[in-house]
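Data block below; observations after.
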Amino acid sequence: MHPYVKTNDQVLSVTDQLDIGIRLIEVDTHFFLNDLAAATFARTLRNWGPEVLGRFPSISGIKVSEQPLTKDSMDEINAYLSAHPPEFVVVYLETGADIKRSDKFDAIDTLFIDTFGDLLAPVMALDVLAKGMWAGGSINESSSAGHQVLDLASTKTGVCIQSQQKLDPVVVRIA
Numbered sequence: 005m006h007p008y009v010k011t012n013d014q015v016l017s018v019t020d021q022l023d024i025g026i027r028l029i030e031v032d033t034h035f036f037l038n039d040l041a042a043a044t045f046a047r048t049l050r051n052w053g054p055e056v057l058g059r060f061p062s063i064s065g066i067k068v069s070e071q072p073l074t075k076d077s078m079d080e081i082n083a084y085l086s087a088h089p090p091e092f093v094v095v096y097l098e099t100g101a102d103i104k105r106s107d108k109f110d111a112i113d114t115l116f117i118d119t120f121g122d123l124l125a126p127v128m129a130l131d132v133l134a135k136g137m138w139a140g141g142s143i144n145e146s147s148s149a150g151h152q153v154l155d156l157a158s159t160k161t162g163v164c165i166q167s168q169q170k171l172d173p174v175v176v177r178i179a
């Protein structure tokens, strides 16, 4: 396996992306083979479930059995932040229908808390900002409070706030 995820639409590792200045990382997460995996499959596989296990190689170019774990992506982000303490990263977890079907939202919360801990911007503060269309908050305020990660998900969990269909980078004010 390469030291990066190489698919038909991605060749840069998470660290490579962070090194070139990208601060919004989307991780497509699914639950299969008893774990949360960072996987990219075609839109035709909307009802992701056990039926995908026979697809070798996957449409993204990585065998199902070789898909990297979501934890690996989170650990890579955390390692980057440890080496670059003033940096701030938005992590958007796009969850598939299988996460809901398998009721793995607690696993997502545990993953974020175990990986980032106090680096996470508090969900209650994020809920208030989201309701106000993000007015009144800034990354600098969050960083000053010691938070380096804004965690968003396509479905609200206990730790992640729900993003719109796709995150609009204009909404998050960098000031």
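Counting from 1 along the sequence shown, just add 4 to a position and that's the residue number in the numbering used here.
We put the CB at the ideal spot given by N, CA and C, even for glycine.
Which word fits His88, buried or exposed, when buried means at least 16 other C-beta atoms lie within 10 angstroms of its C-beta? exposed
With 16 other CB atoms within 10 Å as the buried threshold, where does Leu37 fall? exposed
With respect to the alpha helix (DSSP H) encompassing Ile117, which residues constitute its N-terminal and C-terminal limits? 109-120
For Asp39, which residues does DSSP report across the bridge? Phe36
Please report the Cβ distance between Ala157 and Leu97, rounded to the nearest whole angstrom; I am assuming they are in contact, meaning their Cβ atoms lie under 8 Å. 4 Å
Determine the direct distance from the alpha carbon of Glu70 to that of Ser146, and round the result to whole angstroms. 36 Å
Go through its chain and collect everything with a Cβ distance to Gly136's Cβ below 7 Å, but skip five positions before and after it. none
Looking at the structure shown, is Ala157 part of a helix, part of a strand, or coil, going by DSSP? strand
Apart from the five residues just before and just after Arg177, which ones in its own chain have a Cβ nearer than 8 Å to its Cβ? Because the pLDDT of Arg177 is 34, which lies under 50, any placement of that residue in the model is unreliable, and the number read from its coordinates should be weighed accordingly. Same-chain partners within the cutoff: Trp138, Gly141, Ser142, Ile143.
Using 8 Å as the limit for Cβ to Cβ distance, is Val18 near chain D? In the displayed structure, chain D is absent; only one protein chain is listed.
Measuring only the C-alpha atoms, how far is Thr114 from Ser77? 15 Å
Indicate the three-state DSSP secondary structure (helix, strand or coil) for Glu70 in the structure shown. helix
Neighbourhood of Glu91 by C-beta, 8 Å cutoff - its chain only, sequence neighbours within 5 removed: Leu22, Arg27, Tyr84, Leu85, Gln152
Under the three-state DSSP convention, the category Ile81 falls into: helix
What residue range is occupied by the uninterrupted beta strand (DSSP E) comprising Leu97? 93-99
Once DSSP output is grouped into helix, strand and coil, what is the label at Leu124? strand
Would you please state the rounded distance, in angstroms, between the beta carbons of Ala129 and Leu40? I believe it to be under 8 Å. With 8 Å as the limit, Ala129 and Leu40 do not qualify as a contact, their Cβ atoms being about 25 Å apart.
Please report the residue range of the alpha helix (DSSP H) in which Ile26 lies. It is not in any alpha helix (DSSP H) - Ile26 carries neither H nor E in the DSSP assignment.
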